[in-house]
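Visitor: Each residue of the sequence shown is one higher than the one before, counting from 1 in full-length UniProt numbering.
All residues carry an ideal CB built from backbone N, CA and C; glycine is no exception.
Since this is a predicted model, take the numbers as computed values, not measurements.
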Amino acid sequence: MAHPVAVIGAGPYGLSTAAHLRALGIPVRVFGDPMVSWRSRMPAGMLLKSTPAASDIDAPQRGHRLIDYCDAAGIPRLVTDEDIVPVETFVRYGLWFAERLVPDLEQVRVVAVDRAPAAGRGATAAAGFVLKLDSGEQFTARAVVVATGLTGAAHLPPGLAEEAPAGGAVPPAAGVSRSSQHSDLASFAGRDLIVVGAGQSALESAVLAAEAGARVRIVSRTVPGFGGPPSRQPRLRPRSPFGRAWSLYAISHHAGLYRCLPAGVRHHFVHRILGPLGAWWLRERFEGAVQVSTVRGIEGVTSSAGRPVLAARTEDGTTGELTADHVIAATGYRVDLAALDWLGHEVRAGLATSRGTPRLGAGYRSSVPGLYFTGLPAAASYGPVMRFVCGTSYASPRLARQLAAAHP
Ligand SMILES: Cc1cc2nc3c(=O)[nH]c(=O)nc-3n(C[C@H](O)[C@H](O)[C@H](O)COP(=O)(O)OP(=O)(O)OC[C@H]3O[C@@H](n4cnc5c(N)ncnc54)[C@H](O)[C@@H]3O)c2cc1C
């Protein structure tokens, strides 16, 4: 029997890719903790910034959109741009999607991916890959799709990091944690909290902690901004999952063209387009509840009486100090192939990269035959839409078709 395709990841991208591969008749093994980024790396009470229509996980068959889940679960339909999706609903939707389309998902970790030894004389790179699982099992896959999303990608600016240990991931300084470490912000009730960042995650974490009774200060390089309500979208521009604008339409529906831009431009825009901005519905809850300090940068963190003290370069060029009981870094996500430490040496050596991200060709294929990347690791090639769930509708059918053609 032909070796299966291995999909590493059971978030929206892994599940969607697996559903598309299955629909093409390709045997697939899917690994990961389903919807774990949403279940345990986001705060309880969070609301999605994306609209219901932009929160569909793409499937090849009809009947698997968020609205279909609402109907199946007997809950009010989330359908208009004004409807707001609670994270708990989105998690249940993802698990429902998995149960229906990826029922044999394997909740184990992949701990190693290496090239399979070529089978005999004249054998080519088509031999595939040997995967090791943390269950102890080892098996051969004809192709591998990496859909590991946010795992290991939380970015920490140097000023908030402990001094880096040689060769390892950089831990936060004492008194500092990453936003992905908090699923219950109510634990900060009655305490002084600094949240560093100006994106939706920072602003919403700040609001949730303040609403739970914490005294919260946002520290960021820019004054926090908020989007406009759906009713104020310009009518004469094309619709996109992110609002009405030609540029947003282009990056959403023609993500493949992003690959044609020069590398410098792609890396510059991948985090700037759809960059830090709070959701329209968050402004009212934020203003008056959260203090704001704009700074030019954070130079470091020390500790005084067990409390973290941020040394921040202020607007006038001097250095000031900000103290709290705790500091949360909500400073975004960056792809770093070094975090995929299970990628074997030979695979890694054959992987063409650009600033630490895989360089991808058509159909999400990497320079290693049989190795594909989708979701966040594909964003530097296919643009900012890959940072969001709605990107599954562009990525998954194309990746599945490419893979089916190259590894039938
Ligand atoms: C606070 C916050 C709010 C967000 N809000 C929105 C929003 O409103 N709308 C939106 O579209 N996007 C939002 N995003 C972005 C969204 O999280 C991502 O677009 C989405 O989760 C990416 O899905 P994914 O499947 O690529 O990865 P993830 O959801 O991160 O899933 C990764 C999967 O990989 C698995 N995995 C990792 N390593 C291994 C391994 N070695 N072996 C086996 N499995 C492995 C994990 O178990 C998991 O199943 C938000 C992000 C954050 C941080």
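1. Do you know how far the Cα of residue 333 is from the Cα of residue 311?
2. The alpha helix (DSSP H) with residue 264 in it runs from where to where?
3. Classify residue 410 as buried or exposed, calling it buried when 16 or more other Cβ atoms lie within 10 Å of its own Cβ.
4. Taking just the CA atoms, how far does residue 53 sit from residue 102?
5. Under a three-way DSSP split, which group does residue 181 fall into?
6. Since residue 202 and residue 216 should fall inside the 8 Å C-beta cutoff, what is the C-beta to C-beta distance between them, to a whole number of angstroms?
7. Please report the straight-line C-alpha distance between residue 360 and residue 149, rounded to a whole angstrom.
8. Assuming contact is defined by CB atoms lying nearer than 7 Å, are residue 358 and residue 373 in contact in what I supplied?
9. Can you pull the DSSP bridge partners for residue 329?
10. Taking DSSP's pairing of strands, which residues face residue 138 in a bridge?
11. For a test of your reading of the model: does the CB of residue 145 fall under 6 Å from any non-hydrogen atom of ligand 1? Yes or no.
12. Using a threshold of 7 Å, state whether the C-beta atoms of residue 140 and residue 159 are closer than that.
13. Taking 7 Å as the threshold (C-beta atoms), are residue 37 and residue 11 in contact?
14. Does the pairing of the region 277 to 296 with the region 224 to 236 give three or more beta-carbon distances under 8 Å?
15. Restricting to Cα atoms, I'd like to know which of 346, 85 and 291 is closest to residue 192.
16. My guess is that residue 175 and residue 308 are in contact by the Cβ rule of under 8 Å, so how many angstroms apart are they, rounded?
17. Just how far apart, CA to CA, sit residue 178 and residue 335?
18. Does the beta-carbon of residue 30, which I'm using as the reference point, lie nearer than 6 Å to any heavy atom of ligand 1?
19. Bridge partners for residue 188 per DSSP, in chain order?
20. DSSP three-state call for residue 297: helix, strand or coil?
21. Please confirm whether any heavy atom of ligand 1 lies closer than 6 Å to the CB of residue 242.
22. By DSSP, does residue 278 sit in helix, in strand, or in coil?
23. Counting only the same chain and skipping the five closest in sequence on each side, list residues whose C-beta sits under 8 Å from that of residue 143.
Guide: Per the coordinate set shown:
1. What you label residue 311 is simply residue 311 of the sequence shown in a count that begins at 1. What you label residue 333 is simply residue 333 of the sequence shown in a count that begins at 1. Rounded to whole angstroms, residue 311 to residue 333 spans 23 Å at the Cα level.
2. Taking the sequence shown and counting its residues from 1, one reaches residue 264 at position 264. Unbroken alpha helix (DSSP H) run through residue 264: 263 to 272.
3. This structure cannot speak to residue 410, because the chain is shown only from 1 to 408.
4. By one-based count along the sequence shown, residue 102 stands at place 102. By one-based count along the sequence shown, residue 53 stands at place 53. Using only the alpha carbons, I get a separation of about 22 Å.
5. To locate residue 181, count along the sequence shown from 1; it is residue 181. Looking at residue 181 - three-state DSSP - the assignment turns out to be helix.
6. Stepping through the sequence shown from its first residue, residue 202 is reached at position 202. Stepping through the sequence shown from its first residue, residue 216 is reached at position 216. Between residue 202 and residue 216 the beta-carbon gap is near 10 Å, outside 8 Å, which marks them as no contact.
7. What you label residue 360 is simply residue 360 of the sequence shown in a count that begins at 1. What you label residue 149 is simply residue 149 of the sequence shown in a count that begins at 1. Roughly 16 Å separates the two Cα atoms.
8. Here the question's residue 358 lines up with position 358 in the sequence shown. Here the question's residue 373 lines up with position 373 in the sequence shown. With contacts defined by Cβ atoms closer than 7 Å, residue 358 and residue 373 form a contacting pair.
9. Here the question's residue 329 lines up with position 329 in the sequence shown. The partner list for residue 329 (beta bridge, DSSP) reads 178 and 196.
10. As a first step, residue 138 must be located in the sequence shown, where it is residue number 138. According to DSSP, residue 138 bridges with 132.
11. In the sequence shown, the residue the question calls residue 145 occupies position 145. Flag unset: Cβ of residue 145 not near ligand 1.
12. Within the sequence shown, numbered from 1, the residue matching residue 140 stands at position 140. Within the sequence shown, numbered from 1, the residue matching residue 159 stands at position 159. No.
13. By 1-based counting over the sequence shown, the position of residue 11 is 11. By 1-based counting over the sequence shown, the position of residue 37 is 37. Yes, the Cβ-Cβ distance between residue 11 and residue 37 is below 7 Å.
14. Remark: three or more beta-carbon pairs, one from each stretch, lie closer than 8 Å, so the region 277 to 296 and the region 224 to 236 are flagged as touching.
15. In the sequence shown, counting from the first residue as 1, residue 192 sits at position 192. When each option's Cα is compared against that of residue 192, the closest is 291.
16. Taking the sequence shown and counting its residues from 1, the one referred to as residue 175 is at position 175. Taking the sequence shown and counting its residues from 1, the one referred to as residue 308 is at position 308. The beta-carbon separation of residue 175 and residue 308, rounded to 3 Å, stays under the 8 Å limit for a contact.
17. For the purposes of this step, residue 178 is identified with residue 178 of the sequence shown, where counting begins at 1. For the purposes of this step, residue 335 is identified with residue 335 of the sequence shown, where counting begins at 1. Rounded to whole angstroms, the separation of the alpha carbons of residue 335 and residue 178 is 16 Å.
18. The residue you call residue 30 lines up with position 30 of the sequence shown. Every heavy atom of ligand 1 is 6 Å or more from the Cβ of residue 30, so no.
19. Counting from one through the sequence shown, the residue named residue 188 turns up at place 188. Answer is none; residue 188 lacks a bridge partner.
20. Start at 1 with the first residue of the sequence shown, and residue 297 comes out as number 297. In the structure shown, residue 297 sits in a strand (DSSP, three-state: E or B).
21. Numbered from 1 along the sequence shown, position 242 holds the residue referred to as residue 242. Residue 242: no, Cβ never under 6 Å from ligand 1.
22. On the sequence shown, residue 278 is found 278 positions in, with the first residue counted as 1. Here DSSP, grouped into helix, strand and coil, assigns residue 278 to strand.
23. Reading the sequence shown from its first residue, position 143 is the one you call residue 143. The residues are 5, 6, 128, 129, 370, 371, 372, 403, 406 and 407.
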